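The end of the sequence shown is residue 260 by numbering that gives the first Met the number 0, with every number in the run present. Report on the structure given below.
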Amino acid sequence: MRIQWSDLKTFDIIGSGSFGRVFHGDLLGTEVAIKECVRSNSKAFDEKYFKREVDILKQSRHPNIVQFMGICKRKKRFYIVTEFLPLGNLRRWIQDETKEFGWDTRISFAIDISLALAYLHHKNIIHRDLKGENLLISENMRIKVCDFGFSRVEAKDDDEMRRISYCGTDGYMAPEILLGEDFDCSVDVFSFGIVLAEMMARHVVDPQHFQRVPPDMSVSPDEILFRAQPGCPIELGELAIHCVQPLPQNRPKLKQIVERL
Numbered sequence: 000m001r002i003q004w005s006d007l008k009t010f011d012i013i014g015s016g017s018f019g020r021v022f023h024g025d026l027l028g029t030e031v032a033i034k035e036c037v038r039s040n041s042k043a044f045d046e047k048y049f050k051r052e053v054d055i056l057k058q059s060r061h062p063n064i065v066q067f068m069g070i071c072k073r074k075k076r077f078y079i080v081t082e083f084l085p086l087g088n089l090r091r092w093i094q095d096e097t098k099e100f101g102w103d104t105r106i107s108f109a110i111d112i113s114l115a116l117a118y119l120h121h122k123n124i125i126h127r128d129l130k131g132e133n134l135l136i137s138e139n140m141r142i143k144v145c146d147f148g149f150s151r152v153e154a155k156d157d158d159e160m161r162r163i164s165y166c167g168t169d170g171y172m173a174p175e176i177l178l179g180e181d182f183d184c185s186v187d188v189f190s191f192g193i194v195l196a197e198m199m200a201r202h203v204v205d206p207q208h209f210q211r212v213p214p215d216m217s218v219s220p221d222e223i224l225f226r227a228q229p230g231c232p233i234e235l236g237e238l239a240i241h242c243v244q245p246l247p248q249n250r251p252k253l254k255q256i257v258e259r260l
């Protein structure tokens, strides 16, 4: 859907990233989020990621994936318009200790994320940049996955795999990406395991938490369990450890994760 700039109003900046800013806005009386896509030195690079995100959003209809409203072009800049999620992102929620964050809520969030990933993987889409900033919280406390600029369709063969660029955020990247190896949908399972560990600990990845251990760039299972807050269900810790296994073939499939949650 093509949206006219005259139909949009922009309010506060609610986020920013390598591709530009995200505004809280209005589309003909409906609250929306407006993602600005600013061109860098590589026009082809920017257009590739913009088109990729739009294509994936257009074909994704799921209650745990942010709803696509349309695109807008103004003064050589492109904008992606989506539904507005008023409670911010999961990273901020984890860090804000004034927010109530019981185990029922944490498990509910984990279920929402796993359902979204299961849907994407069923369509052979790898997110590749799953992290708290890309997990938005709705007014009724549901998680919705956003930011599909790094996402892509899973490679069909080894030749196609070698052409895939390596994208994502280091603290959440699976070892095989960090080591420059071939990868598949299981990289999202690893990132999910890190997000799960963050929710268990109520602490996000940083230089002192959940760091990688060479040579396989793994995360310490002992640290995941040690940092979990009191009352953490044993099964949740076991699932997080299973998800962050260094070898991708040892990680669970999303269907198994959904069943375990």
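Built from N, CA and C at the ideal position, the CB exists for glycine as well. Bear in mind the structure is a predicted one, so any value in this text is a computation, not a measurement.
Examine the Cβ distances between the region 185 to 203 and the region 229 to 249 and report whether three or more of them are shorter than 8 Å.
-> yes
Grab me the residues of VAL203's own chain with a C-beta within less than 7 Å of its C-beta, minus the 5 sequence neighbours each way, in chain order.
-> ARG90, ILE93, GLN94, GLY131 and GLU197
Pull up the distance between the alpha-carbon of SER185 and that of GLU234, whole angstroms please.
-> 20 Å
Which runs of the alpha helix (DSSP H) fall wholly inside the region 38 to 101 and span at least 4 residues, in chain order?
-> 42 to 58 and 89 to 94
So what does DSSP say about ASP158, is it helix, strand or coil?
-> Because ASP158 sits at a pLDDT of 42, beneath the cut-off of 50, its placement in the model cannot be relied upon, and the following sentence gives the value as read from the coordinates. Three-state DSSP puts ASP158 in a helix.
Closest by CA to LEU26, which one among GLY14, ARG20, ASP11 and ASP6?
-> ASP6
Beta-carbon contacts of PRO174 that lie in its chain and below 7 Å, excluding the five residues immediately before and after = ASP215, MET216, SER217 and PRO245
Which of helix, strand or coil does DSSP assign to CYS242?
-> helix
Between the C-alpha atoms of ASN88 and ILE142, what's the straight-line distance to the nearest angstrom?
-> 9 Å
Leaving out the 5 sequence neighbours to the left and right, which residues in its chain are closer than 6 Å to ASN133 when beta-carbon positions are compared?
-> CYS145 and ASP146
Contacts around LYS155, its chain only, beta-carbon distance under 6 Å, and the 5 residues preceding and following it disregarded = Only weak support is given to the placement of LYS155: the predicted model assigns it a pLDDT of 45, under 50, and the question is left unresolved by the model.
Please confirm whether THR104 and ALA32 have their CB atoms less than 7 Å apart.
-> ALA32 sits away from THR104, with the two beta carbons spaced by 7 Å or more.
Excluding the five sequence neighbours on either side, which residues of its own chain have a C-beta within less than 6 Å of the C-beta of ARG161, listed in chain order?
-> Only weak support exists for where ARG161 lies, its pLDDT of 38 falling under 50; the value from the coordinates is given anyway. Nothing listed; no residue qualifies.
Rounded separation between HIS120 and PHE83 - CA only = 25 Å
Cβ-Cβ distance between LEU253 and GLY236 below 7 Å | no
Counted within 10 angstroms of its Cβ, other Cβ atoms place MET172 as buried (16 or more) or exposed = buried
Between which two residues does the alpha helix (DSSP H) harbouring LEU195 extend?
-> 185 to 200
Close Cβ partners of VAL152 (< 7 Å) along its chain, the five nearest in sequence each way excluded | Unreliable placement is indicated for VAL152, whose pLDDT of 49 sits below 50; no coordinate value is reported for it.
Using 10 angstroms around the beta-carbon of ILE70, count the other beta-carbons present and answer buried if the total reaches 16, otherwise exposed.
-> buried
Report yes if the CB atom of ASP111 is closer than 7 Å to the CB atom of ASN63, and no otherwise.
-> yes
Between GLU159 and the rest of its own chain, which residues show a CB-CB distance below 7 Å, the 5 nearest in sequence each way excluded?
-> Residue confidence is low: GLU159 scores 38 on pLDDT, short of 50, so the model does not pin down where it sits. Its coordinate-derived value is still stated next. Excluding residues within five positions, none has a Cβ falling inside 7 Å.
CB contact flag (PRO220, ILE240, <7 Å) = yes
Please work out which residues of its chain come closer than 6 Å, Cβ to Cβ, to GLU52, disregarding the five sequence neighbours upstream and downstream, and give them in chain order.
-> If we look at GLU52 and ignore the five residues flanking it on each side, its Cβ neighbours are PHE147 and GLY148.
Please report how far the alpha carbon of ASN139 lies from the alpha carbon of GLN66, in whole angstroms.
-> 15 Å
Where does GLU30 fall in DSSP's three states?
-> strand
Collapsed DSSP secondary structure at ILE106 in the structure displayed | In the structure shown, ILE106 sits in a helix (DSSP, three-state: H, G or I).
Under the three-state DSSP convention, the category ARG259 falls into | helix
Indicate the three-state DSSP secondary structure (helix, strand or coil) for ILE2 in the structure shown.
-> ILE2 falls in the coil class under three-state DSSP.
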